[in-house]
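Novice:
Chains as they are written, first to last, in our numbering: chain A, 763 to 1079; chain B, -14 to 610.
1) Taking C-beta pairs closer than 8 Å, name the residues in chain A that residue 507/B reaches, listed in chain order.
2) Along the chain, where does the beta strand (DSSP E) containing residue 353/B start, and where does it finish?
3) Where residue 928/A and residue 892/A are concerned, what is the direct C-alpha to C-alpha distance, given to the nearest angstrom?
4) Since I believe residue 174/B is in contact with residue 614/B (beta carbons under 8 Å), could you give me their beta-carbon distance rounded to a whole number of angstroms?
5) To test your reading of the DSSP string, which unbroken beta strand (DSSP E) runs of 3 or more residues are found completely within the segment 372 to 441 of chain B?
6) Quick one: list the residues of chain B neighbouring residue 836/A, beta-carbon separation under 7 Å, in chain order.
7) Give me, in chain order, the residues of the same chain whose beta-carbon lies closer than 6 Å to that of residue 1074/A; leave out the 5 immediate sequence neighbours on both sides.
8) Is residue 305/B helix, strand or coil by DSSP?
9) Could you tell me how far apart the beta carbons of residue 431/B and residue 457/B are, in whole angstroms, since I believe they sit closer than 8 Å?
10) Is residue 439/B close to chain A? Criterion is C-beta to C-beta, closer than 9 Å.
11) How is residue 905/A classed by DSSP in three states: helix, strand or coil?
12) Would a check of beta-carbon distances place residue 795/A closer than 9 Å to chain B?
13) What residue range does the alpha helix (DSSP H) around residue 564/B cover?
14) Using the C-alpha atoms, what's the distance from residue 134/B back to residue 143/B?
15) Which of helix, strand or coil does DSSP assign to residue 611/B?
16) Can you check the segment 71 to 137 of chain B for any beta strand (DSSP E) of at least 3 residues that lies completely inside it and give the ranges in chain order?
17) To which residues does DSSP link residue 60/B through a beta bridge?
18) Between which two residues does the alpha helix (DSSP H) holding residue 42/B run?
19) Here's the rule I'm using: 16 or more other beta-carbon atoms within 10 Å means buried, otherwise exposed. How should residue 437/B be labelled?
20) Assign residue 782/A to one of three DSSP states: helix, strand, or coil.
21) For the beta strand (DSSP E) holding residue 548/B, just list the boundary residues, first then last.
22) Taking only runs of the beta strand (DSSP E) that begin and end inside the segment 873 to 934 of chain A, which ones reach a length of at least 3 residues, in chain order?
23) If the cut is a Cβ gap below 7 Å, which residues of chain B does residue 995/A touch?
24) Taking 9 Å as the threshold (C-beta atoms), are residue 505/B and residue 485/B in contact?
25) What does the alpha-carbon distance come out to for the pair residue 519/B and residue 334/B?
26) If you reduce the DSSP assignment to three classes, tell me which class residue -11/B lands in.
27) In chain order, what residues of the same chain lie with their CB nearer than 7 Å to the CB of residue 357/B, ignoring the 5 residues before and after it?
28) Between residue 238/B and chain A, is any beta-carbon pair separated by less than 9 Å?
29) Is residue 787/A helix, strand or coil when you go by DSSP?
30) Residue range of the alpha helix (DSSP H) that residue 31/B falls in?
31) Would you mind working out which of 983/A, 789/A, 937/A, 994/A sits nearest residue 853/A, comparing C-alpha positions?
32) Do residue 835/A and residue 276/B come within 9 Å of each other at the CB atom, strictly closer than that value?
33) Are the segment 868 to 879 of chain A and the segment 803 to 811 of chain A touching, with three or more C-beta to C-beta distances below 8 Å?
34) Please name the residue in 415/B, 245/B, 489/B, 81/B whose C-alpha comes closest to that of residue 370/B.
35) Who are the Cβ neighbours of residue 321/B in its own chain at under 7 Å, not counting the five residues just before and after it?
36) Is there a Cβ of chain B sitting closer than 9 Å to that of residue 1052/A, yes or no?
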């Protein structure tokens, strides 16, 4: 009997801790296509992760979903391609990050609070060729004589319960700091990053830094690509269920009312247009009191206790 | 007015051309030679060595202007008295010709050959010329040539595949005069340069081909009426070379320009009335086959201006005028082609008595019907002694946002306020004239504060660049000039020198772009100096100029200072009826490795040599002033 109980407990735990991998193949893109407008949702979703997207006609930030294959054309007109020309493991689809300040990956309600196992990362074609060849705005890594100790670094941190973690994982998308120039490299393959050392997380925060910095910030194109984000958690659904809600007033001033199926105690997170978390809390009396902030466009993510979630965009006047 | 150092290199050169009395269909003297302002001028003779060069070369060698050159023949903009590229007004025959989209002009595309007279007025000139004249004003004028007929052709060759040809025909008969000029320039610009570690590299994709045609007509009807017409067509195709940290470039840019102007003047004893109109059309096509970028931009400018000058007595001049400018631009980065209307009323008064000269000016402008700040100016001159003159001015200046500032998508900000502020200058000028020599020495101090300086940055909550009135810039400095000229029979010697000390600092902390309060603006050298010697012996001219430009900060790493030497040798000759000159330029004579813009190499030592031949058949001038 004791053995049975142990087995049952173990099976239950395994079920709860099932891994989910976000492959982005759920968007069914054909090679050469990309998606850069998640409207009406404010994020792309795959597996147990949400990738916020801000798109307004000709400019965007956050994440795009891509199946483009161009690994040779330099410049921003080819901003959606990975240097590998395909997703990890030869898959069709992957995600592209364009980082203004920070990019966020929000974990679905099933994965939130659990560690993220890991993901695959590589350079975008735009950033890769810019670092390899240089362009009008950014330098060729190594500089004029190949000896400059240049680098292009991806830093990943986590949020848990609204707190930014202190630990981080650094990954060099390009590293020219070696004394022996023959060891210098720019990543051109999908590389697995083990993110489990970060521990339990509600969201991941990605930032980029480069040795090529000017008065206006980083010169190196602020792009990278990810694929196969593996999360652990209690839900193994590959598509997060939408939570039908409506918010008003929009534009808002100091509060938002939530109508629909978001219940008392549902969690909310508010992100600014650059994907930075600016406020988090619990829904009370169907109302969200907005923290004082600058006017602009914001993104609200609501997650019900039953695991359903949704994202909505609103304006603060 | 103080006519400054002018050409250090070639003054005193003999020439048989006789210039007709100026047909003043250009701006009035109150605008072209304002009291109390430091002005440097170059006449037709002084411009000759620059026949195959640009106004950028002229200003870079002969004035205190810092030229921000992206390389031989590439984009060149100016910084005058610590201002930005958009703070230099460029005036052609009285019309502002900066791009309304960018608020500036590429000085490398202005052929000195297309000007008969050039001047540089230092300091604020908004009360005279309107928006943009904050750092200084560059004026290029066309003037009628000698009576009769003359034809001159010049051919130049030089390093890096340089080939230049210019031709100018001048003709006058009765009350009519005209000139036609044509130029063609081409170069590979495949020069070698040294990397920071001293390795030799060769510049690539840096070729250029320019050609232009200009037609000027001048006419007089009776004693009272004068008219002129000007057409300037130019086409420039330039490859855009890679930076020193870029392996290759396949970009090129084509600039096509059509500028036309008509002017009429009626003159009585005390009153002069003039009316002018202009139509400009410019097209820029940028193409990069590597990245698949193909951008087309176009703009059209139409200007109408009327002026009246009244001289009630020899000591007084009063001027009033109005200007209407309409601009329309086309770019895929505008949601719809923006149209911009500018209306201006301006007035000036000059009073001269004994040793004093005073000038007051004011200009009120409206941009799309909205009033801009009223800009007054006051200029003073006092001839304290026979050899000493003191002069100064104070004025308010502004630059309104460019079309890109206002309408670029994304980011354009139609609520931007104009940059505006006050500037002052004070200087003395001494001039000791002996029987065969002249010594002059001058010193000018200036001060300028500009608020609402427009910068592009990423604002919180946005993911694109947009312009804001972010910075406040305080510019101040000292400009010193010295010249000694000795003239003997068949021999003259000229020594000239100058030193400019300029501080131009941002006064407010700005997060993006990263600017700290008190920090010197990028690409504004604190120190610039030059020394020049010119010898004329018979038909020979030999000049050498040495110029020092101090270190500058840039958007990334600082650039070190540099010294560049320039040698010019010329021999004139006459083989009746042909008059000619042979000339040789040696630039960067000491083969300095330097950069004026980060990651943009400049060529080492290079030469140009050429032959100019022409003949003229003079007739008495018949123009009436």
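Each residue gets a CB set at the ideal place from its N, CA and C atoms; glycine is no exception.
Specialist: Judging by the given coordinates:
1) Residues of chain A passing the Cβ test: 977.
2) Judged by DSSP secondary structure, residue 353/B falls outside any beta strand (DSSP E); it is assigned neither H nor E.
3) 31 Å
4) Any question about residue 614/B goes unanswered here, given that chain B covers just -14 to 610.
5) If we require 3 residues or more, the beta strand (DSSP E) runs fully inside the segment 372 to 441 of chain B come out as 373 to 384, 404 to 418.
6) Those within 7 Å of residue 836/A in chain B are 275, 276.
7) 1009, 1062
8) Strand, per DSSP.
9) 17 Å between Cβ atoms; not a contact.
10) no
11) Reduced to three states, the DSSP call for residue 905/A is coil.
12) no
13) Residue 564/B -> not in any alpha helix (DSSP H); beta strand (DSSP E) instead, spanning 563 to 572.
14) 30 Å
15) Within the shown structure, residues of chain B are numbered from -14 to 610, placing residue 611/B beyond reach of any answer.
16) Complete beta strand (DSSP E) runs here, min 3: 73 to 77, 102 to 107, 121 to 126.
17) DSSP, once it has assigned bridges, lists no residue as partnering residue 60/B.
18) 40 to 47
19) buried
20) strand
21) 547 to 560
22) If we require 3 residues or more, the beta strand (DSSP E) runs fully inside the segment 873 to 934 of chain A come out as 876 to 884, 913 to 922.
23) Going along chain B, no residue has its Cβ under 7 Å from residue 995/A, so there is no contact; the nearest lies around 30 Å.
24) Not a contact, by the Cβ cut-off of 9 Å.
25) 39 Å
26) Low confidence applies here, because residue -11/B scores a pLDDT of 35, under 50, leaving its location unreliable and the question unanswered by this model.
27) 350, 351, 383, 385, 403
28) no
29) helix
30) 29 to 32
31) 789/A
32) Taking 9 Å as the Cβ cut-off, residue 276/B and residue 835/A qualify as a contacting pair.
33) yes
34) 415/B
35) So the list is empty, once near-sequence residues are dropped.
36) By this cut-off, residue 1052/A is not an interface position.
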